[in-house]
Structures are given as structure tokens and as C-alpha cells.
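The working numbering puts the sequence shown at residues 2 to 210.
Note that beta-carbon positions come from the ideal geometry of N, C-alpha and C, so glycine has one too.
As the structure is a prediction and not an experimental result, all values here were calculated from the model.
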Amino acid sequence: MEQRKRIYESIIKRLLDIVISFMVLTICSPIFVFVAIMVRIKLGSPVIFKQERPGKDEKIFILYKFRTMTDEKDKNGKLLPDDKRLGRFGKILRSTSLDELPEFWNILKGDMSVVGPRPLLVQYLPLYNEWQKRRHEVKPGLTGLAMSKVRNGAGWDVKFKYDLEYVENISFGLDLKIIYWTIKIVIKREGINEKGYSTNSMFKGERIE
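Next up, the structure:
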């Protein structure tokens, strides 16, 4: 069983990632161009948001997304809170997940996979307990079990539970189900944000066993 999981993850899953990401980047290039132009008009430049994220085995890579927030600052030159900089257009990009499209470049490069735990912030790395760290045993994904079930609409305990469930049960069949569930939750625009937050709360290192 473990050998089958290793073969799927290291060979078959990687080949599928290359094929899918190449097809999306090629076929959907007009959508990429359109979204990029709209981001430039509505939000300014740079069009692409870049940020360091931890990948498999906690290796750091640069994540690419379309920007969704302005650079509005207060009178002291400090950036306004996220909910103040996230306008209607940014909310549309996030609710439809169009802001995630540049991540297909990360998938093609091998930083990410189509399916896997979502890559979180580097600053969270020292806060994980041993159980939570296991989410880095596989490549992070454009979507994952947590994304397909609750998106951002649940607390960290629930999302970590789904992440680890995926790590322990990774398979082709599960990946297909997650892609299907993700399409459904995005179309319904469910779980776009955690209650009381523009996306989700900051992880503060709660020990979740």
C-alpha cells in the first residue's frame, strides 16, 4: 500500500500535474491576459502577487497569484487592514478563485501539485506541533481536501484535520474526488471567508492533536 502511494505521488501524480498545468496555461491564456489587464486597471501594479511559502519538506518557494488588494495606506504610511484594501473586484477574484490561476506555473515548475494541502505562510512554520507538521510530507496544492470541504469557512482545527487525512490517504481516486468537490464549492461560492475575517484568521499555534 505504501509503495503504491509512493509510486503514485512521485511518478503518476507528477506527470498528471505537468500535463494539466501545461494545458491550463496554454488553453486558458486568454483568460490570464484578460484578468491581468483588469487587475492592472482596477488595482494597479504589480499584477502578480509573489510571496514565499513552504512546500514539501518545508522547502521555501515563491508562490504566484493575481493581486486582489490595493496598496492603500493610512496617514502614517501604514497599509490599511486587509478588509479595507479588498474591494469588490478583489472579492470577485477570490470568490471565483481566479486569483489562483498563476499557481499553475508553480505546478508546472514542480513547487506545487494540483491537489495537496494549501501552502500556508512561512511565519507559521515554528508554530506547528509534530502532527500539524505532517502536512509538509506532500507537495502543497492548488486545492486540497480542506479546500474542497470547507474552503476558508472553518477554523484551523478542521482544516488541519482534513490536511492530515489527505496525507495519510493520498491516491488517484481521492484526487479526482477533491477536484470534483472543489468545482462544486467554488461554483456555489461557499466558504469564501472565515466568519469575521476577509479570508481567514491568523494561525497562532494552537496545539491541535
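- In its chain, beyond the 5 residues on either side, Ala37, Val40, Arg41, Phe67 and Arg68 have a beta carbon closer than 8 Å to the beta carbon of Val48.
- Counting only runs that start and end inside the stretch 63-115, the alpha helix (DSSP H) elements of at least 4 residues fall at 83-86, 89-97 and 104-110.
- In the three-state DSSP reduction, Arg54 falls in the strand class (E or B).
- DSSP places Leu143 inside the beta strand (DSSP E), whose first and last residues are Gly142 to Thr144.
- Within the DSSP secondary-structure output, Ile61 pairs in a beta bridge with Pro55.
- DSSP lists Phe67 as the beta-bridge partner residues of Ile49.
- According to the DSSP assignment, Phe33 belongs to the alpha helix (DSSP H) that extends over Ser30 to Leu44.
- Between the alpha carbons of Leu80 and Asp100 lies a distance of about 21 Å.
- Under the DSSP assignment, Gly174 falls in the alpha helix (DSSP H) whose first and last residues are Phe173 to Ile188.
- By the neighbour-count criterion, in which 16 or more other beta carbons inside 10 Å mark a residue as buried, Pro141 falls on the buried side.
- Val151 and Lys189 have their C-alpha atoms spaced approximately 12 Å apart.
- With a beta-carbon spacing of about 4 Å, Pro118 and Asp164 fall inside the 8 Å limit used to define contacts.
- Note that the stretch 16-28 touches the stretch 102-113; at least 3 beta-carbon pairs, one per stretch, sit closer than 8 Å.
- Scanning Lys60, Glu53, Leu102 and Phe50 for the CA closest to the CA of His137 turns up Lys60.
- With a threshold of 16 other beta carbon atoms within 10 Å, Met203 falls short and is exposed.
- The C-beta separation of Pro120 from Pro55 comes to about 7 Å, placing the pair in contact by the 8 Å criterion.
- Counting C-beta atoms within 10 angstroms of its own C-beta, Tyr129 has 16 or more neighbours from the protein chains shown and is therefore classed as buried.
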